[in-house]
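To start, the structure itself, in structure tokens.
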Amino acid sequence: MGMPLLVGLPGLLIAAVGLTHPLFLDPDTAVRWQLGHLLLLPAFPLIAVALFVVLRGERSPAAWGARTLAVAYALLYGTLDTIAGIGAPQQVIRAAERGESRPPINDLFEIGDQLGHLGVYALGISATLAGLVLFLRTRSPLAPLGSAVIVAACYPFYRFHVFPYKGVLAMVAIGVGLALLEGSRQFSAAARTARPDRTSDTPHPSSR
9 MGMPLLVGLP GLLIAAVGLT HPLFLDPDTA VRWQLGHLLL LPAFPLIAVA
59 LFVVLRGERS PAAWGARTLA VAYALLYGTL DTIAGIGAPQ QVIRAAERGE
109 SRPPINDLFE IGDQLGHLGV YALGISATLA GLVLFLRTRS PLAPLGSAVI
159 VAACYPFYRF HVFPYKGVLA MVAIGVGLAL LEGSRQFSAA ARTARPDRTS
209 DTPHPSSR
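See the structure below:
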């Protein structure tokens, strides 16, 4: 498996889980909602891990800023996943077991969304910085293209999370953007390999 595909895989895995995400949370869908988010709990941080991978070896302030924001995304969006993805359906399940009316889970969604939205902002800025760092390093057009794809995908990610189908497509796009960022590194490596070694063409003084 090539590195670009490996780096983009977290987005595709999240998208696959998102295809099964219920559109509404009620007693009939609560268990499926919760199980899906239990699977997503370790998956969302893999987006941050992927950004760390594409920035391997980079030591500039912009690279460290991108890493810091990637961690912020993982923490903030992971908190949303825990609150709204796991805690809220647990409330619905327990209320149904006790024969009670729907619990006030909108309060959980409200605070969860606020944290998740901050996480998406952090992801978008992190991707922008990563694209800048990699472009300055590689001069590959794939670097700004990858960051632009991720930033564009952050809008439906912000609005629809991983709900089908707009949220699912957003995660696919994030995976593609990450693959393009990694592809810029591969592009640079290939260019260096293809560049002729001009030192061998220069005659040695002793041969003149």
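Residue numbers (our numbering): 9 to 216.
All C-beta atoms in this analysis are idealised placements derived from N, C-alpha and C, irrespective of residue type, glycine included.
Exercise. Give the DSSP-derived three-state secondary structure of residue 1 in the structure shown.
Key: The chain is shown from 9 up to 216; residue 1 falls before or after that span and cannot be answered.
Exercise. Please work out which residues of its chain come closer than 6 Å, Cβ to Cβ, to residue 77, disregarding the five sequence neighbours upstream and downstream, and give them in chain order.
Key: As a position in the sequence shown, residue 77 is number 69, starting the count at 1. Excluding residues within five positions, the ones whose Cβ falls inside 6 Å are 130, 133, 134.
Quiz item: Which residues in the same chain as residue 80 place their Cβ atom closer than 6 Å to its Cβ, once the five residues preceding and following it in sequence are excluded?
Solution: Against the sequence shown, residue 80 aligns to sequence position 72. The answer, listed in chain order, is 130.
Quiz prompt | residue 113 versus 124, 101, 10, residue with shortest Cα-Cα distance | solution = Counted from its first residue, the sequence shown places residue 113 at position 105. Closest by C-alpha distance to residue 113, out of 124, 101, 10, is 101.
Self-check item: Inter-residue Cα distance where the pair is residue 149 and residue 59
Solution: The residue you call residue 149 lines up with position 141 of the sequence shown. The residue you call residue 59 lines up with position 51 of the sequence shown. Distance between the alpha carbons of residue 149 and residue 59: 18 Å.
Quiz item: Which whole runs of the alpha helix (DSSP H) in the segment 46-119 are 4 residues long or more, in chain order?
Solution: The alpha helix (DSSP H) runs of length 4 or more contained entirely in the segment 46-119 are, from start to end of the chain, 53-62, 69-88, 96-105.
Quiz item: Between residue 187 and residue 140, which are expected to be in contact by the criterion C-beta below 8 Å, what is the C-beta distance as a whole number of angstroms?
Solution: As a working note, residue 187 is residue 179 in the sequence shown. As a working note, residue 140 is residue 132 in the sequence shown. With 8 Å as the limit, residue 187 and residue 140 do not qualify as a contact, their Cβ atoms being about 18 Å apart.
Exercise. Output the distance between the C-alpha atoms of residue 154 and residue 83, rounded to the nearest integer angstrom.
Key: The sequence position of residue 154 within the sequence shown is 146, counting from 1. The sequence position of residue 83 within the sequence shown is 75, counting from 1. Answer to the nearest angstrom: the Cα atoms are 23 Å apart.
Practice problem: On a CA-only basis, which of 127, 35, 40 is nearest residue 28? Give me that one, please. | Solution: Taking the sequence shown and counting its residues from 1, the one referred to as residue 28 is at position 20. Cα-wise, what sits closest to residue 28 is 40.
Exercise. Within its chain, find whatever has a CB closer than 6 Å to the CB of residue 20; leave out the 5 residues flanking it on each side and keep chain order.
Key: Against the sequence shown, residue 20 aligns to sequence position 12. So the qualifying residues of the chain are 183.
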